[in-house]
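**Q**
Chains as they are written, first to last, in the numbering used here: chain B, 1 to 360; chain D, 361 to 720.
Structure below.
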């Protein structure tokens, strides 16, 4: 099992990883607070440009001498399908109107730009000496993994099925995040069809544990010590928590987003591809409901993400939860608006209590 | 927690309940073997007529003096929507052709017949002195629950969300099965919209444990001691296992069905309403794939179930997995074709080992 060894390799005290939530959630303060508390803070760098990433790494380093990690989106293939783009713009236009804007969206992403950003991200990590790097939306090319490993970077993949976990192991990843169907935000599914990559953690962890030799990091719906202990018993070496840290004081999530999670129920989330073209779990709202039935017609990620970006930004500025992407896992009733360090310590304490109660 | 108390109330030794799988899976031999081993055998009576149920109870009693239970479908409202029926028959007809038959289906169910069968089932249980009764697809009327409780029957509900669990508690249920999204077969969702009732156990158990006072029985993807221990740590008092017992020697499931589970992967199942009009999880096959995209057009349960019955039966007779409903949870890689008593004892042993390893 090498449980202790795994934590030692990463240089952290507790098996708690703060999920790398892209889009401004993982502030310097959040990442540093989690790492300082003994967990692993992670920068969600998916939407950052290389100089922003570089700056964030420097700033975090001023706030902690503990290890922290960076998560990158594996470069997507950009499909420019003008018919789908037109259809999407037509469907989005009445929603933009509701917000009092015209949906003249940002320039479409280009393949060159996306590939180049990914390469530059890797260079930044290596130059700045980041020791832990995780990936989502696929597995990077062998040379990239090799380069990182040669420089002593601990590399972590993301999987939503046993097969995807095996592929990560074969590619040389040091550990793999198992993203259960409970998880909030974008599905990391890359080898399976989207509907196949929706396996619950109670199924995913033990089946992966039997087939895969590298340490497993369980993510999806885990927000307290009971979840941590249960995940470890099923075969995980650590947990990665997203929504739990999203509602913390140091998180950069919009107050409207935090409040939506704190008021949601277990059955209040839904999987949708309307926001970005990639399946993601968020709190059901007007945006999602309005586009239900059209989801399959939208362009793929990241094109659709660009097309909805003005709507999402405007909704944020207007504090209007109806049109924001309110990513959340399936356990909002367990959310607690604490400081990130209090959360880390509380989860560890709860796990110990759960263990002690269990032994009585 | 009253863990021990709960098992004592039901009169069983181990917190393992064999899921009541309707449609011939829960043979007398299976139910009796599970109960004799110290777990709780359950008859899936949903599709039995009252005299079949009566006979099965008598036969099981000859094979065990331990308690066993019966599960009933709460009487559905029959919607006869001729337009949907015609559409369904048109869509099913080419599939029937593939099997060399005409899909002249059985007579449609009538509301009177369904209501009367449910009442007669309750009478059979009371007359035969069955001590444990569980329900799925809803909560029966208050008088039914009251009648059963007055006669000392232990009543168990089914929930797929925290709200549904609370409704079961308010209705006076003695315990409630939490059906996670991992579970095989029909979803028990009744208060929530179908897509909302898909919460994974890692989320569903702890959130329900915080809100509901009656004992919780976790079901969905649990097939071994790790799952049992994890479910208990999350807040469940027992587990209910379906696919795990379906592949056992004593189960009445078709060999083709057992083999399909034993050869499936974690991502091989899918939710579909094409077989019955109610959302259910099974192994993806030609039948499901052929009707993808039309699912919302079918009549509701139990009408669609009647319309597909000849196809399913013919496919079974022809040993053709392409057109059978191969219900399975999301953990087929954990399936073991053992005797039911060996499985019960093995799961208990594994849970003890998992606990001991954990404490090291």
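Quick reminder that beta carbons are idealized off the backbone N, C-alpha and C, glycines included.
Could you tell me which of D:410, D:380 and D:388 sits nearest to residue 424 of chain D, measuring between CA atoms?
**A** Minimum Cα distance to residue 424 of chain D is reached at D:388.
**Q** Going by DSSP, what residue range makes up the alpha helix (DSSP H) through residue 271 of chain B?
**A** Segment 269 to 272 is the beta strand (DSSP E) holding residue 271 of chain B; no alpha helix (DSSP H) there.
**Q** To the nearest angstrom, how far is it from the Cα of residue 593 of chain D to the Cα of residue 226 of chain B?
**A** Going by the C-alpha atoms only, they are around 6 Å apart.
**Q** Using a Cβ-Cβ cut-off of 6 Å (strictly less than) and excluding sequence neighbours within five positions of residue 244 of chain B, which residues of its own chain qualify?
**A** Here the set comprises 223.
**Q** Measuring only the C-alpha atoms, how far is residue 160 of chain B from residue 625 of chain D?
**A** Each residue's alpha carbon lies about 13 Å from the other.
**Q** I think residue 693 of chain D touches residue 177 of chain B, with their Cβ atoms under 8 Å apart; what is that distance to the nearest whole Å?
**A** Contact doesn't hold; Cβ gap of about 19 Å is too wide.
**Q** When the cut-off is 8 Å and only beta carbons count, does residue 681 of chain D lie next to chain B?
**A** Chain B contact via Cβ: absent.
**Q** Check whether the region 446 to 460 of chain D and the region 670 to 679 of chain D are in contact - that is, three or more C-beta pairs closer than 8 Å.
**A** Taking 8 Å as the limit for Cβ pairs, the verdict is that the region 670 to 679 of chain D does touch the region 446 to 460 of chain D.
**Q** Excluding sequence positions up to five away, which residues of its chain have a Cβ less than 7 Å from the Cβ of residue 560 of chain D?
**A** Cβ within range, chain order: 540, 541 and 542.
**Q** Note down, in chain order, each residue of its chain lying with its Cβ closer than 8 Å to the Cβ of residue 2 of chain B, except the 5 sequence neighbours on either side.
**A** Low per-residue confidence applies at residue 2 of chain B: pLDDT is 48, beneath 50, and the placement is therefore not dependable, though the value from the model is reported in the following sentence. Answer for residue 2 of chain B: 215 and 237, listed in chain order.
**Q** Can you tell me whether residue 716 of chain D is buried or exposed? The criterion is at least 16 other CB atoms within 10 Å of its CB, across all chains shown.
**A** Exposed: under 16 other Cβ atoms inside 10 Å.
**Q** Reducing DSSP to helix, strand and coil, say where residue 537 of chain D ends up.
**A** The answer is strand: DSSP assigns residue 537 of chain D an E or B state.
**Q** Name the two residues that bound the continuous alpha helix (DSSP H) containing residue 416 of chain D.
**A** Segment 410 to 423, the alpha helix (DSSP H) holding residue 416 of chain D.
**Q** For the region 239 to 273 of chain B, which residues have a beta carbon sitting closer than 9 Å to at least one beta carbon of chain D?
**A** Hits within the stretch, in order: 265, 266, 267, 268, 269, 270 and 271.
**Q** I'd like the span of the alpha helix (DSSP H) that includes residue 576 of chain D, first residue to last.
**A** Careful: residue 576 of chain D lies outside any alpha helix (DSSP H), inside the beta strand (DSSP E) at 576 to 579.
**Q** Checking contacts by CB at 8 Å: is residue 2 of chain B closer than that to chain D?
**A** Because the pLDDT at residue 2 of chain B is just 48, under 50, the model does not fix this residue reliably, and the point stays unresolved.
**Q** What's the C-alpha gap between residue 431 of chain D and residue 704 of chain D?
**A** Roughly 20 Å between the two C-alpha positions.
**Q** List, in order along the chain, the chain D residues whose C-beta lies closer than 8 Å to that of residue 363 of chain B?
**A** With chain B running from 1 to 360 in the structure shown, residue 363 of chain B is simply not present.
**Q** If you pair each beta-carbon of the region 674 to 689 of chain D with each one of the region 616 to 631 of chain D, do three or more pairs fall below 8 Å?
**A** With a cut-off of 8 Å, the region 616 to 631 of chain D and the region 674 to 689 of chain D count as touching, because enough Cβ pairs lie within range.
**Q** Verify the CB distance criterion: does residue 83 of chain B have a CB-CB separation below 8 Å to chain D?
**A** Not one chain D Cβ lies under 8 Å of residue 83 of chain B.
**Q** If you run the structure through DSSP and keep just helix, strand and coil, what is residue 101 of chain B?
**A** The answer is coil: DSSP assigns residue 101 of chain B none of H, G, I, E or B.
**Q** In whole angstroms, what is the alpha-carbon distance linking residue 384 of chain D and residue 478 of chain D?
**A** About 18 Å.
**Q** Take residue 305 of chain B as the anchor and find which of B:292, B:325 and B:289 has the nearest alpha-carbon.
**A** Checking every option, the nearest Cα to that of residue 305 of chain B belongs to B:325.
**Q** Relative to chain D, which residues along the region 203 to 222 of chain B have a C-beta separation below 9 Å, given in chain order?
**A** Result list: 203, 204, 205, 206, 207, 208, 209, 210, 211, 218, 220, 221 and 222.
**Q** Keeping to the same chain, check which residues put their C-beta closer than 6 Å to that of residue 363 of chain B; ignore five residues upstream and five downstream.
**A** Look at the range of chain B in this structure, 1 to 360, and you will see that residue 363 of chain B is not part of it.
**Q** Please check if any C-beta of chain D sits within less than 8 Å of the C-beta of residue 226 of chain B.
**A** Judged by the 8 Å Cβ criterion, residue 226 of chain B is in contact with chain D.
**Q** So residue 459 of chain D packs on residue 683 of chain D, CB below 8 Å; how close in whole Å?
**A** Contact flag correct, Cβ pair sits at about 6 Å.
**Q** If you follow the alpha helix (DSSP H) that residue 587 of chain D is part of, which residue opens it and which one closes it?
**A** Counting along the chain, the alpha helix (DSSP H) containing residue 587 of chain D begins and ends at 585 to 594.
**Q** Beta carbons nearer than 8 Å to chain D: which residues of the region 169 to 196 of chain B have them?
**A** Residues passing the 8 Å Cβ filter: 180, 181, 182, 192, 195 and 196.
**Q** Are the beta-carbon atoms of residue 10 of chain B and residue 154 of chain B separated by less than 8 Å?
**A** Going by C-beta atoms, residue 10 of chain B is nearer than 8 Å to residue 154 of chain B.
**Q** My output table needs one value for residue 370 of chain B: the three-state DSSP class, helix, strand or coil.
**A** This structure does not reach residue 370 of chain B, given that chain B is present from 1 up to 360, and the question cannot be answered.
**Q** Using alpha carbons as the reference points, say which of B:282, B:14, B:101 and B:106 lies closest to residue 85 of chain B.
**A** The residue with the shortest Cα to Cα distance from residue 85 of chain B is B:106.
**Q** Determine the direct distance from the alpha carbon of residue 487 of chain D to that of residue 723 of chain D, and round the result to whole angstroms.
**A** The structure shown does not extend to residue 723 of chain D, since chain D is modelled only from 361 to 720, so the question has no answer here.
**Q** With 8 Å as the threshold, decide whether the Cβ of residue 457 of chain D is near any Cβ in chain B.
**A** Not closer than 8 Å to any Cβ of chain B, the Cβ of residue 457 of chain D fails to qualify, so no.
**Q** With 8 Å as the threshold, decide whether the Cβ of residue 691 of chain D is near any Cβ in chain B.
**A** By this cut-off, residue 691 of chain D is an interface position.
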